[in-house]
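Going by my numbering, the first residue of the sequence shown is number 1, and it counts up by one from there. For each residue, glycine too, the CB sits at the ideal point set by N, CA and C. Predicted model, so just to flag it, every value in this text is computed and none were measured.
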Amino acid sequence: MLIFPAIDLYEKKAVRLFKGDYDRMTVYSNDPVSVAVRFKEAGAAQIHMVDLEGARDGNTPNIDIVKRVVSETGLFVEIGGGIRSEEVIESYLSAGVGRVILGTAAVNDRALLERAAERYGDRLAVGADIKDGCIAVKGWMERSDRDAFEFCRDMEQLGIKTLICTDISRDGAMRGTNLELYRVLSNSLDMNIIASGGVSGIEDIRALKRLGMYGAIIGKAWYTGAVDLAEAIEEAAEG
């Protein structure tokens, strides 16, 4: 299983939200690039990044930070937040980003989703951000009417290979990941599923690995010191 340490960007800072609430934001670093370097030093091979301003507003105010992380670390970077056109997809991929994540656009712009799936293949992922059983959009600030499991099955049928699934109620809450959700998804979908939200200790990593997850995202647990990244990477790779 792969470990994706996370950097969420807001006003060019590394921050974390509590359950997706922009009014409950903690700034952890004014230098996200240095955070990425620390991830690399701990043995990370990939990074999960989200432009929170982009997710909310549909633009790319932090793209220069993402480009610097790519160029200064050489790590595999996946990025989501505000990616709602082919022009933005191309700008990230041409900058060396390894994978772009469609969230709101995957729900609201079917034509873009289908074109991107055909054109970019494995370099495209979809974010399934779940709130009260439905998919949330626009930086998790709005809940769509798309049933979460129906949406995930639809993405599989469309040929999407990688699904980044977040239980918003667990994100940043430090109370463990939603293992039942990932068990159901793992048993019903033939996709690379990356678990996001709620990882709060090394036991969560072990449990997700046992479920056969492709990857797990570590955010607040690293920033607060609850999880040692090097240990998590080693644990995920064993066996």
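Ala14 is positioned such that its CB atom lies closer than 8 Å to that of Asp8. Note on geometry: alpha-carbon atoms of Arg84 and Arg110 lie some 11 Å from one another.
Residue Ala95 holds the alpha-carbon nearest to the alpha-carbon of Glu72 among Ala95, Leu211, Ser144.
Inclusion of Tyr214 and Met1 in the CB contact set at 8 Å is warranted, their separation being smaller than that value.
Contact annotation: the region 147–155 touches the region 125–136, with at least three C-beta pairs closer than 8 Å. Considered as a whole, the region 118–197 harbours 124–131, 134–137, 142–147, 162–167, 192–196 as its complete beta strand (DSSP E) runs of no fewer than 3 residues, in chain order. The three-state reading of DSSP puts Glu86 in helix, counting H, G and I together. Taking 8 Å as the cut-off, the beta carbon of Asn59 is found closer than this to the beta carbon of Gly82. In the DSSP annotation of this structure, the continuous segment of the beta strand (DSSP E) that includes Asp51 starts and ends at 46–51. Inter-residue distance for Arg24 and Thr166 is about 18 Å (C-alpha atoms, whole angstroms).
Cβ-Cβ separation between Val107 and Arg146: approximately 6 Å, consistent with a contact (criterion under 8 Å). Using a Cβ distance threshold of 8 Å, Ile160 and Ala117 count as a contacting pair.
Between Val37 and Ser29, the C-beta gap is not smaller than 8 Å, which leaves the two residues out of contact. The C-beta distance from Met191 to Glu234 rounds to 26 Å, too long to fall under 8 Å, and the pair is not in contact. Just so you know, the alpha carbons of Glu87 and Arg210 end up roughly 39 Å apart. DSSP, read as helix, strand or coil, puts Glu78 in strand. Nearest neighbour of Lys12 by Cα position, chosen from Ala45, Phe39, Asn62, turns out to be Asn62. C-alpha of Ile89 to C-alpha of Glu203: approximately 35 Å in a straight line.
For Pro32, the uninterrupted alpha helix (DSSP H) segment begins and ends at 32–41.
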